[in-house]
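Step one of this worksheet: look at the structure below.
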Amino acid sequence: MSPTQPPPKLLTSLPAYQTLQSIYTTQKSTPTLTLRSLFDKDPQRFEKLSRAYESTYGPPTQLLVDLSKNLINDDVLEALLQLAKEAGVEEQRDRMFAGEHINTSEDRAVLHTALRNFGDSPSLAPTSNEAGVSEVQEVLSHMEKFTEQIRSGEWKGFTGKPITAIVNIGIGGSDLGPSMVVNALTPYTQRSLRAFFVSNIDGTHIAETLRECDAETTLFVIASKTFTTQETMENAGTAKAWFIAAAASKLSDAKKAEDAVSKHFVAVSTNTSSVTQFGISPSNMFPFWDWVGGRYSLWSSIGLSIALMVGYPNFRQLLEGAHGMDLHFKQTKLEDNIPILLGLLGVWYGDFWGAQSVAVLPYDQYMSRFAEYFQQADMESNGKSVTRGGERVNYQTGPILWGASGTNGQHSFYQLLHQGTKLVPADFLAPCTSHNAPRADDPTLHHRILLSNFFAQTEALAFGKSEVEVREELGIKEGSGDTQKEALVKSKVFEGNRPSTSVMFPLMTPATLGALISMYEHKIFTQGVVWGVNSFDQMGVELGKVLAKNILKQLGKPEDVKGHDSSTAGLIHYYQKFRKE
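Residue 454 in numbering that gives the first Met the number 0 sits at position 455 of the sequence shown, with consecutive numbering throughout.
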């Protein structure tokens, strides 16, 4: 239990907030923060506002984070850094790494960083005695041994065949993290294994997955800390029933089919009695602890499906890459601290410029689930309207996060980014080298085209195209008198001044992905501290669950439907009228 902390101050009460508000007000009345003028005035702007990250912890890992296309100058940056100091970002960061109970509503430590601390970084070693911290390496060793048994073919199914399919059954962080990482690290996967991720309680999800699987060669990873999560356990029960039916038809013995469950089901959980009752051997249970939040759990045994697909050495490199970024976040001064700078930019756009959303746009098809993963990580963390002290905020907190892989998004929503009425700060991410060279005659052609779009989009967003440039291009002089031509001119003007951050890296590797995920985790943490909210609980997901359990009991007969508003009752009655059993 940590010492009681004073409640956080509201963002709007901080002196640096007033400074930033004054800068923004001046900017709106007499615009000075235009990217064209900022670059024209300072030829060294890129050098001054880009940050190179290089970690030698584990595999060498490099990132380039270009902040120069953001609506900031020296005054803005200075005030934002002062805001971080006044909000106590550094102090709260140190409390987190020390294992203090900064998750105040649940009285818990926040120690996901301990899952990737391999003991040789004393400055990051938790000083608390939280249960489980000393067991991390033991669980990792268990994961290493088990994954090698599966991948080598040593582990056999009930008919003596090796495993060829991994089905991860979980939801939220128990699904989004593993599925995103496995997708992002596809080049490192063992191609003789196929991965499936089942999360939705919609029976279609498990049904379609099972159609792709053979019971003799499928391993189910049931990921639920308590082994009570409704969606996960219903899907697990369906998978078990399917498996037993298939095994019984092969073995002609119901008892042997039940016993075969232990060869095809493992659990990521802490509930030994429920796991055993399900039919899973305790020796095939991989625990984690209550200080591991769901959206930070891929670093724990929840990452078992990752390790199975990419191999334990690559899983460890993922953790090492994240640990390297932890060191950077913990040890680097504010003005060069990449996660803190990213977090402060988010506050600048959300609380002063009124931006309500952020786009995450990876130019890497393997990262197609990256934005979806960080929707949970960001929106569940900071989608709060009350501070840690219980005070209602009077400013914006967590943004709406969305995105898609390039160049698909260019043919979808980029129109709004360029010419819409909403300001949407965007993060662009891209590797310098692709894992694939599909054309023998020109191996890098696809990637050159991809990156030419990556570079062009941030340039277009920043600088746009003026009316003068459009008229010159079209050969239409001002005051032509042709209404149709004048409308055409206006429609082709790009105002520019749309901010973006570019993140580049040499190649997508496990360590690089680990560093990127950790970078965004700490960005989200920084923003939560500035806003004064608890980034580590998720009370907002509970009410709907409670109501759903009550409604489920009422779905049998129309006369059972009680205690609802007319809309909810009407919808339930419509369902009851047209459903088919």
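For glycine and all other residues, C-beta sits at the position ideal for the given N, C-alpha and C.
Query raised in the report: Leaving out the 5 sequence neighbours to the left and right, which residues in its chain are closer than 6 angstroms to residue 412 when beta-carbon positions are compared?
Result: none
Query raised in the report: Given residue 426, which residues of its chain have a CB within under 6 angstroms of its CB, disregarding the five upstream and five downstream residues?
Result: 359 and 500
Query raised in the report: Would you call residue 436 buried or exposed, if buried means 16 or more other Cβ atoms sit within 10 Å of its Cβ?
Result: exposed
Query raised in the report: Between residue 323 and the rest of its own chain, which residues show a CB-CB distance below 7 angstroms, the 5 nearest in sequence each way excluded?
Result: 54, 56, 57, 60 and 514
Report task. Using the Cα positions of residue 374 and residue 526, report the straight-line distance between them to the nearest angstrom. Result -> 15 angstroms
Query raised in the report: Going straight from the alpha carbon of residue 239 to that of residue 289, what length do you get?
Result: 27 angstroms
Report task. In the DSSP assignment, find the alpha helix (DSSP H) that holds residue 312 and state where it starts and stops. Result -> 311-330
Query raised in the report: Going straight from the alpha carbon of residue 237 to that of residue 205, what length do you get?
Result: 8 angstroms
**Report entry** Residue span of the beta strand (DSSP E) that contains residue 164, given as start and end
**Finding:** 164-168
Report task. With DSSP collapsed to three states, give me the class of residue 502. Result -> strand
**Report entry** Segment contact, 8 angstroms Cβ cut-off, at least three pairs: the segment 323-341 with the segment 130-144
**Finding:** no
Requested in this report: With DSSP as the reference, please indicate the residues paired to residue 52 in a beta bridge.
Outcome: 62
Query raised in the report: Of all the options 471, 310 and 537, which has the alpha carbon lying nearest to the alpha carbon of residue 148?
Result: 310
Query - Minimum C-alpha distance to residue 458 - residue among 28, 18, 27 and 38 - result: 38
Query raised in the report: Roughly how far, in whole angstroms, is the beta-carbon of residue 219 from the beta-carbon of residue 208, given that I think they are within contact range, below 8 angstroms?
Result: Wrong, their Cβ atoms sit about 10 angstroms apart, outside the cutoff.
Query raised in the report: residue 493: which of 414, 506, 524 and 442 sits nearest, CA to CA?
Result: 414
Query raised in the report: So, helix, strand or coil for residue 447, using DSSP?
Result: helix
Query raised in the report: Could you give the uninterrupted runs of the beta strand (DSSP E) lying entirely in the segment 54-118, keeping only those of 3 residues or more?
Result: 60-65
Query - Residue from 202, 400, 298 and 504 with nearest C-alpha to residue 581 - result: Nothing in the structure corresponds to residue 581, since the chain is present only between 0 and 580.
Requested in this report: Mind listing, in chain order, the continuous alpha helix (DSSP H) runs of no fewer than 4 residues lying wholly within the segment 170-202?
Outcome: 172-183
Requested in this report: Spell out a yes or no on whether the segment 346-358 and the segment 540-550 are touching, meaning 3 or more CB-CB pairs, one atom from each, closer than 8 angstroms.
Outcome: no
Requested in this report: Helix, strand or coil for residue 392, going by three-state DSSP, please let me know.
Outcome: coil
Query raised in the report: Quick one: what does DSSP say residue 5 is sitting in, helix, strand or coil?
Result: coil
Query - Nearest-angstrom Cα separation, counted from residue 433 out to residue 510 - result: 16 angstroms
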